[in-house]
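Here the structure is laid out as structure tokens; the discussion comes afterwards.
Numbering (the numbering used here), first residue to last: 756 to 1004.
Set out below in structure tokens:
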């Protein structure tokens, strides 16, 4: 969990992990998995169910244990904006929708943490305009690809096409999930992706269109109100309240 981040238990569930993790497990058969920015540890819980022997979750602060999906012994509290080297290599590192919550000044540090602790990384990060709770560094995939490549980690865009239309996986995972690995592991994932495409999932696109339509309707309502009530003495206070309700200020 990032500092000042509030978890929605319904959103941070195991459903996506129960679909994605078994697929990755069949490819690399990891015995150990590290989750950087693990939140409640839901993806690690699924990893254990698949047969992973050792799981470790790292995050900026600990959620109440009653909602955590991993034990206290499996969780380590670290500042994700600082370098983290655990002294052992995990077979798989996970970092999903975490990078956008950290300042850009910490982007290289986060990538360094991932590559120092594993040779295979399941990674996703919010794209520009995606929106979300405390997003401060939304970037296109090419931004992160360049940082991984500086450590000789290669991108494998094998997850998005496979899960793109799966209704049970949240769109941000389907849109952003990639695998990065060292060259010696390329045989497991076929051909590296030279240039990771910048994709916008239809579910996000539709959501943005719907929000714009709602805003347009609210503007039309405001215009109608102004034309109807402009002459009334109590109009300006009412207009002020309406604007506040529309723009939530």
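Think of the CB as a built atom: it goes at the ideal place given N, C-alpha and C, for glycine as much as any other residue.
Residue(s) in a DSSP beta bridge with residue i
i           : result
residue 812 : 790 and 830
residue 878 : 850 and 933
residue 910 : 935
residue 905 : Residue 905 is not bridged to any residue.
residue 873 : 845
Cα-Cα separation, residue i to residue j
i           : j           : result
residue 869 : residue 884 : 25 Å
residue 890 : residue 930 : 17 Å
residue 809 : residue 825 : 11 Å
residue 880 : residue 954 : 12 Å
residue 853 : residue 767 : 13 Å
residue 932 : residue 873 : 17 Å
residue 855 : residue 942 : 30 Å
residue 956 : residue 838 : 32 Å
residue 860 : residue 851 : 19 Å
residue 858 : residue 786 : 32 Å
residue 801 : residue 996 : 48 Å
residue 893 : residue 818 : 24 Å
residue 939 : residue 928 : 26 Å
residue 829 : residue 807 : 13 Å
residue 833 : residue 897 : 27 Å
residue 841 : residue 782 : 25 Å
residue 844 : residue 921 : 32 Å
residue 777 : residue 937 : 21 Å
Sequence-distant residues of its chain with Cβ nearer than 6 Å to residue i (five each side left out)
i           : result
residue 770 : 923
residue 876 : 848, 869 and 935
residue 831 : 813
residue 871 : 840
residue 803 : 810
Whole-Å CB distance - residue i paired with residue j, under 8 Å assumed
i           : j           : result
residue 822 : residue 790 : Their Cβ separation, rounded to whole angstroms, is 16 Å, which puts residue 822 and residue 790 out of contact at 8 Å.
residue 797 : residue 815 : Not a contact, Cβ separation roughly 17 Å.
residue 788 : residue 847 : 5 Å
residue 887 : residue 835 : Wrong, their Cβ atoms sit about 16 Å apart, outside the cutoff.
residue 959 : residue 919 : Their Cβ separation, rounded to whole angstroms, is 12 Å, which puts residue 959 and residue 919 out of contact at 8 Å.
Close beta carbons around residue i, own chain, < 7 Å, minus the five adjacent residues each side
i           : result
residue 900 : 910 and 951
residue 827 : 820
residue 862 : 854, 892 and 902
Cβ shell of residue i (< 8 Å), same chain only, five flanking positions each side left out
i           : result
residue 867 : 838 and 906
residue 944 : 782, 911, 913, 934 and 936
Counting pairs of beta carbons, one from the stretch 936-951 and one from the stretch 899-914, are three or more of them closer than 8 Å? With the cut-off at 8 Å, the stretch 936-951 and the stretch 899-914 touch.
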